[in-house]
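Engineer: Protein sequence lines, in the order shown, are assigned to chains E and Z. First residue of the first sequence: 0, per numbering that gives the first Met the number 0; consecutive thereafter. First residue of the second sequence: 0, per numbering that gives the first Met the number 0; consecutive thereafter. Encoded as structure tokens, here's the structure I'll be asking about.
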Amino acid sequence: MFSGLADFGNAWLGFMNPTSIALGLGGALLGIIVGILPGLSATLVIALLTTITIKLPANNAILVLICSYVGALYGGSRTAILLNIPGTAANAASCADGYALAQRGEAGRAIGIATSGAFTGTLFGVLCLAAFTPSLAEVALAFGAFEFFWLALFGVALSGSIVGDDPIKGWLMGALGLLVAQIGQEGLYAYDRFTFGWDELAGGISLIPALVGAFGLAEVLTALADPVEKKLVQVKDSVLPRFREVFQYWRTVIRSGVIGVLTGLLPGVGEDSGAWMSYAAAKAVSKEKHLFGKGSIDGLMAAETGDMASIPGHIIPCLALGIPGSAPSAVLMAAMIIHGIQPGPMMMISHPHFVYEVVAMTSLATVTILIFGLFLVRPLLVILKIRRTVLMPIIFLLCTVGAFATASRLFDVYAMLVIGIGAFFLRRRGYQMAPFVLGLVLGPLLDKSLRRGLVLSDGSLAPFFTRPISLAFAVVTIFAILLYVPAFKAAVRRATGSAGKVFRSALGRRGGEDAA
Amino acid sequence: MSSSGDIAWVDLPPVEARAVAASELRGGLAWTVFGIAVLALSWRMDRLEAQHINPYTVPGLLPGLLGIVTILLGGLLALRSWRRGGRLVRGPQFATSGESARRLALVIGLIVAYTVVLLGRGLPFWLGATIYVTASIVLLQAPQRAAEGRGLTLREMAVALAIGLASGWIITWVFQDAFLVRLP
Numbered sequence: 000m001f002s003g004l005a006d007f008g009n010a011w012l013g014f015m016n017p018t019s020i021a022l023g024l025g026g027a028l029l030g031i032i033v034g035i036l037p038g039l040s041a042t043l044v045i046a047l048l049t050t051i052t053i054k055l056p057a058n059n060a061i062l063v064l065i066c067s068y069v070g071a072l073y074g075g076s077r078t079a080i081l082l083n084i085p086g087t088a089a090n091a092a093s094c095a096d097g098y099a100l101a102q103r104g105e106a107g108r109a110i111g112i113a114t115s116g117a118f119t120g121t122l123f124g125v126l127c128l129a130a131f132t133p134s135l136a137e138v139a140l141a142f143g144a145f146e147f148f149w150l151a152l153f154g155v156a157l158s159g160s161i162v163g164d165d166p167i168k169g170w171l172m173g174a175l176g177l178l179v180a181q182i183g184q185e186g187l188y189a190y191d192r193f194t195f196g197w198d199e200l201a202g203g204i205s206l207i208p209a210l211v212g213a214f215g216l217a218e219v220l221t222a223l224a225d226p227v228e229k230k231l232v233q234v235k236d237s238v239l240p241r242f243r244e245v246f247q248y249w250r251t252v253i254r255s256g257v258i259g260v261l262t263g264l265l266p267g268v269g270e271d272s273g274a275w276m277s278y279a280a281a282k283a284v285s286k287e288k289h290l291f292g293k294g295s296i297d298g299l300m301a302a303e304t305g306d307m308a309s310i311p312g313h314i315i316p317c318l319a320l321g322i323p324g325s326a327p328s329a330v331l332m333a334a335m336i337i338h339g340i341q342p343g344p345m346m347m348i349s350h351p352h353f354v355y356e357v358v359a360m361t362s363l364a365t366v367t368i369l370i371f372g373l374f375l376v377r378p379l380l381v382i383l384k385i386r387r388t389v390l391m392p393i394i395f396l397l398c399t400v401g402a403f404a405t406a407s408r409l410f411d412v413y414a415m416l417v418i419g420i421g422a423f424f425l426r427r428r429g430y431q432m433a434p435f436v437l438g439l440v441l442g443p444l445l446d447k448s449l450r451r452g453l454v455l456s457d458g459s460l461a462p463f464f465t466r467p468i469s470l471a472f473a474v475v476t477i478f479a480i481l482l483y484v485p486a487f488k489a490a491v492r493r494a495t496g497s498a499g500k501v502f503r504s505a506l507g508r509r510g511g512e513d514a515a
Numbered sequence: 000m001s002s003s004g005d006i007a008w009v010d011l012p013p014v015e016a017r018a019v020a021a022s023e024l025r026g027g028l029a030w031t032v033f034g035i036a037v038l039a040l041s042w043r044m045d046r047l048e049a050q051h052i053n054p055y056t057v058p059g060l061l062p063g064l065l066g067i068v069t070i071l072l073g074g075l076l077a078l079r080s081w082r083r084g085g086r087l088v089r090g091p092q093f094a095t096s097g098e099s100a101r102r103l104a105l106v107i108g109l110i111v112a113y114t115v116v117l118l119g120r121g122l123p124f125w126l127g128a129t130i131y132v133t134a135s136i137v138l139l140q141a142p143q144r145a146a147e148g149r150g151l152t153l154r155e156m157a158v159a160l161a162i163g164l165a166s167g168w169i170i171t172w173v174f175q176d177a178f179l180v181r182l183p
């Protein structure tokens with residue numbers, strides 16, 4: 000324990016220099032700006048900053064990305080409160096109560112609560128990140144091909160079932176992501192799959208251009224195709240963080256922090272699930288249920304705390320298992336690999352201090368959002384006044400640079416274009432991109448694990464179901480899929496009764512109220 | 000409400016619900032055809048017998064399984080849509096309004112033109128960026144001005160050009176000069 004504290008202290012000291020502090024603050028500021036703009040996501044800002052920071056030392060580069068990650072989710076609460084539009088999907092749970100507070104002249108109070116909830120939630124998550132990552136990595140050292148097969152499948156299946164309203168469409172997108180990941184030279188024999196004789200495809204579809212297309216270009220097209228400008232609620236009262244409310248609602252804060260971290264641990268489940276589950280849990284036990292959706296401080300605090308606590312929660316499986324917890328953490332993982340750090344169980348052996356450096360980075364990011372929450376709330380709202388017809392073409396320019404910069408290939412820009420246009424039309428028909436991204440990231444792992452596992456078992460499927468950890472993952476994966484079969488769902492409901500009501504309402508992500 | 004346009008089937012009026020179901024039926028069939036294509040291509044992949052590889056590691060294994068999964072899920076989607084009243088030829092269809100379709104075509108046209116024509120063809124990045132941003136602002140704002148009964152003024156066009164020049168220059172400076180990142 001003491002060596003961990005010493006490593007954490009050394010990591011913190013390593014960042015206490017003007018360059019790192021400036022980069023951290025800059026990353027957080029850019030993240031907040033992107034978060035404020037409705038539709039633009041943490042995934043996009045991390046992908047774009049990955050390309051800008053390619054030439055920086057690894058620690059500074061990852062610091063910028065983590066600060067932008069935290070900043071984007073924090074910044075999204077602004078638009079949720081002032082426009083009733085979530086800045087990022089993770090802030091959707093804050094819309095109802097935040098906007099209701101804003102409409103009755105308490106916009107500043109709502110923003111202050113969002114700041115204090117975000118700060119506390121992220122800090123709680125950082126403590127869990129420090130406590131659990133090394134232990135989980137040690138457990139994961141026992142994982143073999145069979146376990147990683149089920150883990151990868153679990154991530155895609157869970158993401159497909161939870162993200163969006165339609166699990167069939169979610170699973171189809173997951174399968175599509177897994178398929179796109181198979182394009183190019185496969186990992187065992189360098190055989191070209193689905194290249195159709197085109198050399199450019201031999202290298203496969205890179206993750207960063209695909210993410211920039213799915214989350215950047217698709218959003219640009221959505222914003223420009225439907226340019227509805229909404230009226231901003233004016234902020235008249237004080238925006239200072241409300242830590243008194245944090246103490247007043249301490250049960251909500253702790254419960255939401257735990258829920259946020261636990262949802263973060265689940266591969267493929269986005270930050271919005273942490274927010275919604277925390278919101279639903281707070282409503283289920285609240286004595287002021289009737290206020291939820293109408294300006295409940297408890298509800299807003301739960302949503303923001305849960306949403307921000309899930310950020311470190313997503314980083315835990317990313318570092319310990321090499322399995323990203325969400326789309327933004329998938330890009331973060333790609334950035335770590337670009338800078339020569341391979342996340343996964345072996346990281347505790349090859350880069351043992353890196354976990355504590357990430358803990359230090361995330362805690363620094365927590366401090367930056369407090370600073371911007373104290374000093375820059377009103378000036379940053381100017382961003383919302385920029386017309387979309389001016390901003391979106393510039394965002395598209397950044398998308399092309401982001402797609403090109405990693406490997407300096409024009410092909411990556413074309414891939415970004417095709418994926419972005421495809422993603423736009425698919426989203427209009429209710430298909431979500433998060434399962435696609437998970438499929439893209441986990442595809443190579445699933446492929447190699449399946450084939451290696453079959454070689455080790457000489458074609459037998461038994462070890463996939465009889466090894467203890469494999470069996471556990473298999474049961475959870477199959478359960479998560481079967482839960483959407485009506486007959487099975489009814490049987491589970493009868494068996495679990497009211498104990499499952501909170502969990503099911505959280506999975507339904509409405510909590511009894513619509514967000515908009 | 001997110002901007003992704005999630006469809007909550009049960010909340011829609013009957014006409015719209017049938018239109019959604021019809022759209023999903025076409026989607027389900029398309030996924031099924033796609034899955035069949037993937038399965039066929041995977042089956043035809045070389046099994047590398049000449050290299051005496053372990054037969055359980057053939058390259059087409061996972062793609063083939065994914066093809067089967069896609070066929071099953073596409074079929075399930077089509078079946079569900081059929082049961083909800085979706086039909087291929089009869090019934091209401093989703094129609095994008097003319098103005099919305101024109102706007103979308105313009106946006107996609109500008110994006111494709113920039114990427115294919117201006118990018119990586121020897122033109123300096125800042126110049127291509129300036130042309131794209133200026134053209135986008137002018138062409139996207141023109142319909143809004145026309146709806147107000149006027150055209151774009153010279154001042155508005157000059158502002159669009161200034162924004163285009165500033166974006167091109169700032170992005171070039173930040174990426175290329177400050178962070179040493181190669182631009183297309």
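Built from N, CA and C at the ideal position, the CB exists for glycine as well. Quick caveat, the model's predicted, so the values are computed rather than measured.
(1) In terms of residue numbering, what span does the alpha helix (DSSP H) encompassing Leu118/Z cover?
(2) Below 7 Å on C-beta distance, what does Arg108/E contact in chain Z?
(3) DSSP state of Pro45/Z, grouped into three classes?
(4) Would Ile162/Z and Val132/Z be called neighbours here (beta carbons separated by less than 8 Å)?
(5) For Gln92/Z, count neighbouring C-beta atoms within 10 Å of its own C-beta (all shown protein chains included) and say buried if the count is 16 or more, exposed if not.
(6) Can you tell me which of the three DSSP states Arg250/E falls into?
(7) Relative to the C-alpha of Leu445/E, which residue among Ala77/Z, Leu65/Z, Arg101/Z and Arg86/Z is closest?
(8) Are the Cβ atoms of Pro434/E and Val155/E separated by less than 8 Å?
(9) Closest to Val412/E by CA distance: which of Thr31/Z, Ile110/Z, Leu153/Z and Gly26/Z is it?
(10) Note down, in chain order, every chain Z residue with its Cβ under 7 Å from the Cβ of Ser407/E.
(11) Kindly provide the ranges of any alpha helix (DSSP H) runs that are 4 or more residues long and lie completely inside the stretch 252 to 340 of chain E, ordered along the chain.
(12) Consider the Cβ of Arg86/Z: report whether some Cβ of chain E lies at a distance smaller than 8 Å.
(13) If you reduce the DSSP assignment to three classes, tell me which class Asp165/E lands in.
(14) Helix, strand or coil for Arg82/Z? Go by DSSP, reduced to three states.
(15) Is it true that the stretch 290 to 304 of chain E meets the stretch 85 to 104 of chain E, where meeting means three or more beta-carbon pairs spaced less than 8 Å apart?
(16) Less than 8 Å between the beta carbons of Leu320/E and Leu441/E, yes or no?
(17) In or out: Lys286/E buried (at least 16 other Cβ within 10 Å) or exposed?
(18) State the Cα-Cα distance for the pair His289/E and Ala16/Z, rounded to the nearest angstrom.
(19) With a CB to CB cut of under 7 Å and the five nearest residues on each side skipped, what residues in its chain are close to Ala20/Z?
(20) Between Gly298/E, Ala359/E, Ile112/E and Gly458/E, which lies nearest to Pro517/E when the distance is taken from Cα to Cα?
(21) Report, in whole angstroms, the separation of the C-beta atoms of Met335/E and Thr121/E, which I expect to be a contact under 8 Å.
(22) Please list the partners that Trp30/Z has in chain E, where partner means a Cβ-to-Cβ separation under 8 Å.
(23) Measuring straight from C-alpha to C-alpha, what distance separates Ala177/Z and Ser19/E?
(24) Using a Cβ-Cβ cut-off of 8 Å, state whether Gly90/Z counts as contacting chain E.
(25) Nearest by alpha-carbon distance to Val354/E: which of Leu128/E, Thr221/E and Gly173/E is it?
(26) Within the stretch 135 to 175 of chain Z, note down every full alpha helix (DSSP H) run reaching 4 residues or more, in order along the chain.
(27) Taking 8 Å as the CB-CB limit, is Ser152/Z close to chain E?
(28) When the distance is taken between beta carbons, is Leu223/E closer than 8 Å to Met391/E?
(29) Straight-line CA distance for Arg103/E to Glu185/E?
(30) Does Leu43/E come within less than 8 Å of chain Z when only Cβ atoms are used?
(31) My guess is that Glu218/E and Gly74/E are in contact by the Cβ rule of under 8 Å, so how many angstroms apart are they, rounded?
(32) Which class does Gln181/E belong to by DSSP, given the choice of helix, strand or coil?
(33) Just to confirm, is the Cβ distance from Ala274/E to Ala92/E under 8 Å?
(34) Going by beta-carbon coordinates alone, are Phe536/E and Phe464/E separated by less than 8 Å?
(35) What's the gap between the Cα of Gly90/Z and the Cα of Phe403/E?
(36) Cβ of Leu135/E within 8 Å of Cβ of Ile322/E?
Structural biologist: Straight from the coordinates:
(1) Numbered from 1 along the second sequence, position 119 holds the residue referred to as residue 118/Z. That residue, Leu118/Z, is in no alpha helix (DSSP H); it is neither H nor E in DSSP.
(2) Here the question's residue 108/E lines up with position 109 in the first sequence. Residues of chain Z passing the Cβ test: none, with the nearest at roughly 24 Å.
(3) Against the second sequence, residue 45/Z aligns to sequence position 46. Reading off the sequence shown, one finds Asp at residue 45/Z, where the question assumed Pro. Asp45/Z falls in the coil class under three-state DSSP.
(4) By one-based count along the second sequence, residue 162/Z stands at place 163. By one-based count along the second sequence, residue 132/Z stands at place 133. Yes. Within cutoff.
(5) Walking along the second sequence from the start, residue 92/Z turns up at place 93. Since pLDDT at Gln92/Z reaches only 49, below the 50 mark, its modelled position is unreliable, and the value read off the structure follows with that caveat. Counting Cβ neighbours within 10 Å, Gln92/Z comes out exposed, since fewer than 16 surround it.
(6) What you label residue 250/E is simply residue 251 of the first sequence in a count that begins at 1. Three-state result, Arg250/E: helix.
(7) Within the first sequence, numbered from 1, the residue matching residue 445/E stands at position 446. Selected option, being the one with the closest Cα: Leu65/Z.
(8) In the first sequence, residue 434/E corresponds to position 435, counting from 1. In the first sequence, residue 155/E corresponds to position 156, counting from 1. Yes, they are a contact pair.
(9) Counted from its first residue, the first sequence places residue 412/E at position 413. Checking every option, the nearest Cα to that of Val412/E belongs to Ile110/Z.
(10) Taking the first sequence and counting its residues from 1, the one referred to as residue 407/E is at position 408. Result: Arg181.
(11) 270 to 284, 296 to 320 and 326 to 337
(12) Within the second sequence, residue 86/Z is the residue found at index 87, counting from 1. It does not; no Cβ of chain E falls within 8 Å.
(13) One-based indexing of the first sequence puts residue 165/E at position 166. It is coil, neither helix nor strand.
(14) Against the second sequence, residue 82/Z aligns to sequence position 83. The answer is helix: DSSP assigns Arg82/Z an H, G or I state.
(15) yes
(16) Indexing the first sequence from 1 puts residue 320/E at position 321. Indexing the first sequence from 1 puts residue 441/E at position 442. Going by C-beta atoms, Leu320/E is not nearer than 8 Å to Leu441/E.
(17) For the purposes of this step, residue 286/E is taken as the residue at position 287 of the first sequence. So Lys286/E counts as exposed.
(18) In the first sequence, residue 289/E corresponds to position 290, counting from 1. In the second sequence, residue 16/Z corresponds to position 17, counting from 1. Cα-Cα distance, rounded: 31 Å.
(19) Position 21 of the second sequence, counted from the first residue, corresponds to residue 20/Z. Excluding positions up to five away in sequence, the list reads Ser80, Arg83, Gly84 and Gly85.
(20) Nothing about residue 517/E can be read from this structure; chain E reaches only from 0 to 515.
(21) As a position in the first sequence, residue 335/E is number 336, starting the count at 1. As a position in the first sequence, residue 121/E is number 122, starting the count at 1. 20 Å between Cβ atoms; not a contact.
(22) Within the second sequence, the letter at position 31 stands for residue 30/Z. Near Trp30/Z (Cβ distances below 8 Å), the residues of chain E are Leu171.
(23) What you label residue 177/Z is simply residue 178 of the second sequence in a count that begins at 1. What you label residue 19/E is simply residue 20 of the first sequence in a count that begins at 1. Approximately 16 Å, taken between the alpha carbons.
(24) Along the second sequence, one-based indexing puts residue 90/Z at 91. In this prediction, Gly90/Z scores a pLDDT of 47, lower than 50, which makes its location untrustworthy; no coordinate-derived value is stated.
(25) In the first sequence, the residue the question calls residue 354/E occupies position 355. The shortest C-alpha separation from Val354/E is found at Leu128/E.
(26) 153 to 171
(27) Here residue 152/Z is taken as the residue at index 153 of the second sequence, counted from 1. Reading off the sequence shown, one finds Thr at residue 152/Z, where the question assumed Ser. Output row for Thr152/Z: interface = no.
(28) Within the first sequence, residue 391/E is the residue found at index 392, counting from 1. Within the first sequence, residue 223/E is the residue found at index 224, counting from 1. Yes. Within cutoff.
(29) Reading the first sequence from its first residue, position 104 is the one you call residue 103/E. Reading the first sequence from its first residue, position 186 is the one you call residue 185/E. Rounded to whole angstroms, Arg103/E to Glu185/E spans 58 Å at the Cα level.
(30) Translated into positions along the first sequence, residue 43/E becomes position 44. Not one chain Z Cβ lies under 8 Å of Leu43/E.
(31) Within the first sequence, numbered from 1, the residue matching residue 218/E stands at position 219. Within the first sequence, numbered from 1, the residue matching residue 74/E stands at position 75. Not quite, the Cβ-Cβ distance comes to about 15 Å (not below 8 Å), so this is no contact.
(32) Reading the first sequence from its first residue, position 182 is the one you call residue 181/E. Three-state DSSP puts Gln181/E in coil, outside helix and strand.
(33) For this step, residue 274/E is matched to residue 275 along the first sequence. For this step, residue 92/E is matched to residue 93 along the first sequence. Yes, Cβ-Cβ distance for Ala274/E and Ala92/E is below 8 Å.
(34) Past the boundaries of the shown model lies residue 536/E; chain E is included only from 0 to 515, so the question cannot be answered.
(35) Within the second sequence, numbered from 1, the residue matching residue 90/Z stands at position 91. Within the first sequence, numbered from 1, the residue matching residue 403/E stands at position 404. Unreliable positioning characterises Gly90/Z in this predicted model, as indicated by a pLDDT of 47, which lies under 50. A coordinate reading is not provided.
(36) By one-based count along the first sequence, residue 135/E stands at place 136. By one-based count along the first sequence, residue 322/E stands at place 323. Result no, Cβ atoms of Leu135/E and Ile322/E do not sit closer than 8 Å.
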